[in-house]
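Numbering (the working numbering), first residue to last: 856 to 1832.
Ideal Cβ positions, reconstructed from N, Cα and C, are used throughout, including at glycine.
Given the structure is predicted, the values throughout are model-derived calculations rather than measurements.
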Amino acid sequence: MTQLRTNEFIAPPECPVFEPSWEEFADPFAYINKIRPIAEKTGICKVRPPKGWQPPFACDVDSLHFTPRIQRLNELEAQTRVKLNFLDQIAKFWELQGCTLKIPHVERKILDLYQLNKLVNDEGGFDAVCRERRWSKIALKMGFAPGKAIGSHLRSHYERILYPYNLFQTGANLLKPTLTNDTKDTDYIPHDLPQRQSVQPLETCSIARRAKRMRAEEGCMKTVTEEDCENRPNLRRRMGSYVAKPEPQAVKVLPVQVKQEATEHEEPITSDKENMLTKKNDPTVTEKCMCRCVCLSQVDQYMCLVCGSGSEEDRLLLCDGCDDSYHTFCLIPPLHDVPKGDWRCPKCLAQECCKPQVAFGFEQAGRDYSLRTFGDMADSFKSDYFNMPVHMVPTELVEKEFWRLVSTIEEDVTVEYGADIASKEFGSGFPIRGGRFQVSPEDEDYLSSGWNLNNMPVMDSSVLTHITADICGMKLPWLYVGMCFSSFCWHIEDHWSYSINYLHWGEPKTWYGVPGYAAEKLEWVMRKLAPELFESQPDLLHQLVTIMNPNTLMNHGVPIYRTNQCSGEFVITFPRAYHSGFNQGFNFAEAVNFCTMDWMPMGRMCVDHYRQLNRYCVFSHDEMVCKMASKADTTMDVALASAVQRDMTVMLQEEDKLRDKVSKMGVQRSQQAEYDLLPDEERQCSKCRTTCYLSALTCPCSPGQLVCLHHAHDLCSCTSSELTLNYRFTMAELYPMMEAVTLRAESYTYWVSHVSDILEAKQDKKSGLEELRSLVVEAEVKRFPQSDLLRQLRTVTLDAEKCAVVAQQLLIGKRQTRYRSGGRKSQSQNLLTVEELRSFVRQLHNLPCSIRQAPLLKDLLTRVDDFQQSSEQLLSDEAPSPVALQGLLDLSLGLDVELPQLALLRERLEQARWLDGVKGASVRPHSLCLDTMRRLIDQGVGLAPHSSVERAMARLQELLTMSEHWEERALRLMEAR
856 MTQLRTNEFI APPECPVFEP SWEEFADPFA YINKIRPIAE KTGICKVRPP KGWQPPFACD
916 VDSLHFTPRI QRLNELEAQT RVKLNFLDQI AKFWELQGCT LKIPHVERKI LDLYQLNKLV
976 NDEGGFDAVC RERRWSKIAL KMGFAPGKAI GSHLRSHYER ILYPYNLFQT GANLLKPTLT
1036 NDTKDTDYIP HDLPQRQSVQ PLETCSIARR AKRMRAEEGC MKTVTEEDCE NRPNLRRRMG
1096 SYVAKPEPQA VKVLPVQVKQ EATEHEEPIT SDKENMLTKK NDPTVTEKCM CRCVCLSQVD
1156 QYMCLVCGSG SEEDRLLLCD GCDDSYHTFC LIPPLHDVPK GDWRCPKCLA QECCKPQVAF
1216 GFEQAGRDYS LRTFGDMADS FKSDYFNMPV HMVPTELVEK EFWRLVSTIE EDVTVEYGAD
1276 IASKEFGSGF PIRGGRFQVS PEDEDYLSSG WNLNNMPVMD SSVLTHITAD ICGMKLPWLY
1336 VGMCFSSFCW HIEDHWSYSI NYLHWGEPKT WYGVPGYAAE KLEWVMRKLA PELFESQPDL
1396 LHQLVTIMNP NTLMNHGVPI YRTNQCSGEF VITFPRAYHS GFNQGFNFAE AVNFCTMDWM
1456 PMGRMCVDHY RQLNRYCVFS HDEMVCKMAS KADTTMDVAL ASAVQRDMTV MLQEEDKLRD
1516 KVSKMGVQRS QQAEYDLLPD EERQCSKCRT TCYLSALTCP CSPGQLVCLH HAHDLCSCTS
1576 SELTLNYRFT MAELYPMMEA VTLRAESYTY WVSHVSDILE AKQDKKSGLE ELRSLVVEAE
1636 VKRFPQSDLL RQLRTVTLDA EKCAVVAQQL LIGKRQTRYR SGGRKSQSQN LLTVEELRSF
1696 VRQLHNLPCS IRQAPLLKDL LTRVDDFQQS SEQLLSDEAP SPVALQGLLD LSLGLDVELP
1756 QLALLRERLE QARWLDGVKG ASVRPHSLCL DTMRRLIDQG VGLAPHSSVE RAMARLQELL
1816 TMSEHWEERA LRLMEAR
């Protein structure tokens, strides 16, 4: 069975994607600040501009020429590069011993020599694995299936290829190695990738070494016959000399000092067995004693450095580096055969292999491209690689293939990337004022757009606008021309700043991001998984040359998010957020850095971090802060002034402590230095490379050198009294600068404190609506930042104003006559119900501010509650008083709310008045007539049903019937008369 297949790449979760409205898009820094709480949790985010925002492409396609970087994909990935470096070391080790390394195959797969070596070392080494029979365990760990005796094959390959190398690494093969500066061979060059699996030894010339060795024989004559030379090829090869075939004569005398030798690759190579047979069966050897003795007299000068014997000369090897001699069987481990190529002794081997490796970096391509020629090359590469049109290749397929390629040593794919092309030289992709690109009238808005990457770093809200130098990549955009698989490695931006990337056109760019809080976690994991790289290059992650599979990082607890950036989209990275990625195909992008006020504490932390790594700064953070402080007038944004004030407080506290420490050291001399007039390279600390600005130490013994106050003891060995403190400002000058910033910032600080107190105030300490309005106006006049606090203040103020309007309408009493008019129903349709009034009063109570109508509305609610209670009591009475009912109705005229009891009260009032009429008529029978009774009955028929009304109606009807009966009888009697 073959090795188990590694898992396919699993895409990390997607980062947030934001789609601002035109209103939000108008102010980029306000919008970025708005989305920051969400986006900084993922490190990167994508922003899609509103539909219709399409800036014209302003680059001159014909004039843009660039030389791309060459990227060998499997050298980019950290763990794969470790394996390749290991193979280079193994190949070099065997090459220096005259052998060619051929990487074996096991189960039809190239054997991972690095993994095999690591697993054996983890198990205690070769001897321990053999003694405890762990080779099957090693095979299982390497992914081979059990039961096929793979372990024995692994042991054989390890013993043959890796065991000698590990012995060399431990020094077991050395007597006492001493590294010297003797004449060196041609420097070892890492093998080209296509030849890694069969590394050929370098062709080196040993004439210089031979000349050195033969100087001791100068002046001697050497008699050599043709037969002697031909019958002793091993001796000639071991001695590092080659004798050209002489003219056909018996004996020829050759003076050594004028002898011409051919290069080593021309000499014949013969196996030891053949040499021994030739020597044994050669009858001419004994016949030419004089010549043989002359030759042997030279050989006898060489003794084995291990056993001290010169015997068995056919097994005596002469080092091609230093001419020391060793028996093949005296070496550790012993050599079974004489090497066919150049051979180095253990001492020279140690010298060569201990040479430091050249730091890894990208090479420049050998040709210059235009956009068109690069695009043709890029499209041809992708279509040929995937065997389909470029636009039909799924992004998921490209992503999986990219991470497969960077993790394999079997396949070598090389691509090119046009990275870090200066827009200042070739022109930005965005239109700029005064540029060569002619902007149409409808596109002029893009010239001043905040999302134009030429404008963003120098806007008022950007801290970088206070840096006078044009820093390519930070203040001036860089251009990027990509092709399929071209990549950008894990890195964070200079000074841990923000970055923004816009893809003008072309195929997507795939991004991976790590939130800033996990930066140290990523660094720790990469150091843990590829310690060999960081041992030789501690600042590896600052060089933008190393990637690591996101799945590997995620498996070790690093949070990672991804996105595909399509043309016309922005990708924003946040402070200290590691990011990497690759291009899906031919595309054109533009990127720049920017720094907002919230970045300033991170920027100072970054300078401290750079100091620990001895890494240079792109600009002086202290100089930037001081320049901002010098402009602390009414034009400075107060929120920015507040951020500067906080950062300057930290700066001055640290500077005061450092100057006090230097003073206590005994430094007495001081002088002012205009460090802002010096180029950065002339004011870098000799120890940590930090750009000095506020102060530095110098000494007459070290002209042109200085150190920052953090490294006051690292300048020279002179006494402290010889040192001079150079300062840009005295402390007496710095503190007034901070006070000016503080005055400007205090208005905002006080405003923030005041607003916070108002919004969090208790019920008895609420401020009025007028005060909230004044705070909103102040924020607008003084250009306070669009913060969450300001948005909350505006929302609260707007709600309070709406409540005040409604309250005023409820209290002005414009509808007191509605019940006396004919349209009372329509007039009461828009009134608040009692529950709505109760809810409204509760809302007023919960407002962070107070409005002057609130007490009146609370009193209104109390009166409504009293009215409802009185109504319920009166309506529960069988015969309520009309006066009381009318009094409640009159009271309701002052209650501008919808009262459900009013209709019932009016009905009961009509009933009560009718009952009073019936009662009045009953108590005055002499005045009661039939017409009165009929009128009362007619009125009673129109009343709402009620028991008292029904009883009165019954009595009236009975009385009316009786009265009509008596009236009829009376009429008949009168007629009878």
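Relative to the C-alpha of N1404, which residue among P1370, R1417, D1394, P1393 is closest?
-> Within the sequence shown, residue 1404 is the residue found at index 549, counting from 1. It is R1417 whose Cα lies nearest to the Cα of N1404.
Look at the alpha carbon of T922 and the alpha carbon of F1281, and state the distance between them as a whole number of angstroms.
-> For the purposes of this step, residue 922 is taken as the residue at position 67 of the sequence shown. For the purposes of this step, residue 1281 is taken as the residue at position 426 of the sequence shown. Straight-line Cα distance between these residues: approximately 13 Å.
On the three-pair Cβ rule with 8 Å, is the region 1525 to 1533 touching the region 1570 to 1581?
-> Verdict: yes, contact present.
Would the region 1337 to 1350 and the region 1425 to 1444 be scored as touching if the rule is three or more Cβ pairs under 8 Å?
-> yes
So I893 is in the alpha helix (DSSP H); what residue range does that whole segment cover?
-> Along the sequence shown, one-based indexing puts residue 893 at 38. Taken as a continuous stretch (DSSP letters only), the alpha helix (DSSP H) holding I893 covers 883 to 894.
Kindly give me the distance between the Cβ atoms of T1597 and Q1500, rounded to whole angstroms, as I take these residues to be in contact under 8 Å.
-> Here residue 1597 refers to the residue found at position 742 when the sequence shown is read from its first residue. Here residue 1500 refers to the residue found at position 645 when the sequence shown is read from its first residue. Contact between T1597 and Q1500 is confirmed by a C-beta separation of about 5 Å, below the 8 Å threshold.
Which ranges does the alpha helix (DSSP H) cover as unbroken runs of at least 4 residues, wholly within the region 1179 to 1258, from first to last along the chain?
-> 1201 to 1208, 1226 to 1241
Do the region 926 to 939 and the region 1450 to 1457 make contact, defined as three or more Cβ pairs closer than 8 Å?
-> no
Delimiting residues of the beta strand (DSSP E) encompassing K1364 = Position 509 of the sequence shown holds residue 1364. K1364 -> beta strand (DSSP E) spans 1364 to 1368.
Coil, strand or helix - R1697 by DSSP | Numbered from 1 along the sequence shown, position 842 holds the residue referred to as residue 1697. It is helical.
For A1233, which of M1329, I893, A1825, G1361 has the nearest alpha-carbon?
-> For the purposes of this step, residue 1233 is taken as the residue at position 378 of the sequence shown. Checked all of M1329, I893, A1825, G1361; the closest Cα to A1233 is G1361.
What are the boundary residues of the alpha helix (DSSP H) that includes W1454?
-> Numbered from 1 along the sequence shown, position 599 holds the residue referred to as residue 1454. That residue, W1454, is in no alpha helix (DSSP H); it is neither H nor E in DSSP.
Which residues does DSSP pair with L1171 in a beta bridge?
-> If you number the sequence shown from 1, residue 1171 lands on position 316. L1171 pairs with H1182.
Cβ of L1570 within 8 Å of Cβ of S1557?
-> Numbered from its first residue, the sequence shown carries residue 1570 at position 715. Numbered from its first residue, the sequence shown carries residue 1557 at position 702. Result yes, Cβ atoms of L1570 and S1557 sit closer than 8 Å.
Rounded to the nearest angstrom, how far is the Cβ of Y1335 from that of A1446, given a contact under 8 Å?
-> The residue you call residue 1335 lines up with position 480 of the sequence shown. The residue you call residue 1446 lines up with position 591 of the sequence shown. The Cβ separation is near 7 Å, so the contact holds.
Could you tell me whether the Cβ of F1437 comes closer than 8 Å to any Cβ of chain D?
-> The structure shown contains no chain D; it is built from a single protein chain.
Using the C-alpha atoms, what's the distance from S918 back to H1302?
-> Here the question's residue 1302 lines up with position 447 in the sequence shown. Here the question's residue 918 lines up with position 63 in the sequence shown. One detail in the question is off: residue 1302 reads as Leu in this sequence, not His. Near 22 Å, if we compare the C-alpha coordinates of S918 and L1302.
For the alpha helix (DSSP H) holding T1504, just list the boundary residues, first then last.
-> In the sequence shown, the residue the question calls residue 1504 occupies position 649. Here the alpha helix (DSSP H) through T1504 covers 1493 to 1520.
Hey, out of W1351, C1547, E1424, C1554, whose CA is closest to H1464's CA?
-> As a first step, residue 1464 must be located in the sequence shown, where it is residue number 609. The shortest CA-to-CA distance from H1464 to any of W1351, C1547, E1424, C1554 is the one to W1351.
Which residue's Cα is closest to the Cα of R1015: G1290, L1746, I945, R986?
-> By 1-based counting over the sequence shown, the position of residue 1015 is 160. Closest by alpha carbon: I945.
Reduced DSSP category for S1725 - H, G, I as helix; E, B as strand; rest coil = Locating residue 1725 in the sequence shown gives position 870, where the first residue counts as 1. S1725 falls in the helix class under three-state DSSP.
Validate contact between the region 1423 to 1432 and the region 1367 to 1376 using beta carbons, cut 8 Å, 3 pairs = Between the region 1423 to 1432 and the region 1367 to 1376, the count of Cβ pairs shorter than 8 Å is three or higher; the stretches touch.
Measure the CB-CB distance between I1613 and C1658 and report whether it falls below 8 Å.
-> Within the sequence shown, the letter at position 758 stands for residue 1613. Within the sequence shown, the letter at position 803 stands for residue 1658. Against a cut-off of 8 Å, the Cβ pair of C1658 and I1613 comes out as no contact.
Hey, how far is the Cα of A1595 from the Cα of M1503?
-> Translated into the one-based positions of the sequence shown, residue 1595 becomes position 740. Translated into the one-based positions of the sequence shown, residue 1503 becomes position 648. Going from the Cα of A1595 to the Cα of M1503 covers about 11 Å.
Cβ atoms of K1364 and L1331: under 8 Å apart, would you say?
-> Here residue 1331 corresponds to residue number 476 of the sequence shown, with the count starting at 1. Here residue 1364 corresponds to residue number 509 of the sequence shown, with the count starting at 1. Against a cut-off of 8 Å, the Cβ pair of K1364 and L1331 comes out as no contact.
Return yes when the Cβ of V1610 is within less than 8 Å of the Cβ of L1624, no when it is not.
-> Position 769 of the sequence shown, counted from the start, is the residue given in the question as residue 1624. Position 755 of the sequence shown, counted from the start, is the residue given in the question as residue 1610. No, Cβ-Cβ distance for L1624 and V1610 is not below 8 Å.
I1427 to V1660 span [Cα, whole Å] | Residue 1427 sits at position 572 when you count from the first residue of the sequence shown. Residue 1660 sits at position 805 when you count from the first residue of the sequence shown. Taking the straight line from one Cα to the other gives about 44 Å.
Can the beta-carbon of I925 be found closer than 8 Å to that of E1218?
-> The residue labelled residue 925 in the question sits at position 70 within the sequence shown. The residue labelled residue 1218 in the question sits at position 363 within the sequence shown. Going by C-beta atoms, I925 is nearer than 8 Å to E1218.
Determine the burial state of L974: buried for a count of at least 16 other Cβ atoms within 10 Å of its Cβ, exposed for fewer.
-> Within the sequence shown, numbered from 1, the residue matching residue 974 stands at position 119. With 16 or more other Cβ atoms within 10 Å, it is buried.
Tell me whether L1552 sits in a helix, a strand or coil according to DSSP, three-state version.
-> Walking along the sequence shown from the start, residue 1552 turns up at place 697. Of the three classes helix, strand and coil, the one that applies to L1552 here is strand, per DSSP.
Whole-number beta carbon distance between C1200 and Y1181, since they are thought to touch under 8 Å = One-based indexing of the sequence shown puts residue 1181 at position 326. One-based indexing of the sequence shown puts residue 1200 at position 345. Indeed, because the Cβ distance is near 6 Å, the residues count as touching under 8 Å.
Rounded C-alpha distance that separates H1565 from C1540 = Looking up residue 1565 in the sequence shown gives position 710. Looking up residue 1540 in the sequence shown gives position 685. Rounded to whole angstroms, H1565 to C1540 spans 10 Å at the Cα level.
According to DSSP, what are the bridge partners of V902?
-> As a working mapping, residue 902 is identified with position 47 in the sequence shown. Bridge partners of V902: F873, F1425.
Residue from T1025, L1743, F1340 with nearest C-alpha to Q1439 | Your numbering for residue 1439 matches position 584 in the sequence shown. The shortest C-alpha separation from Q1439 is found at F1340.
Inter-residue Cα distance where the pair is Q952 and M997 | Mapped onto the sequence shown, residue 952 falls at position 97. Mapped onto the sequence shown, residue 997 falls at position 142. Rounded to whole angstroms, Q952 to M997 spans 29 Å at the Cα level.
Any idea what DSSP makes of D1275, helix, strand or coil?
-> For the purposes of this step, residue 1275 is identified with residue 420 of the sequence shown, where counting begins at 1. D1275: strand per DSSP, three-state reduction.
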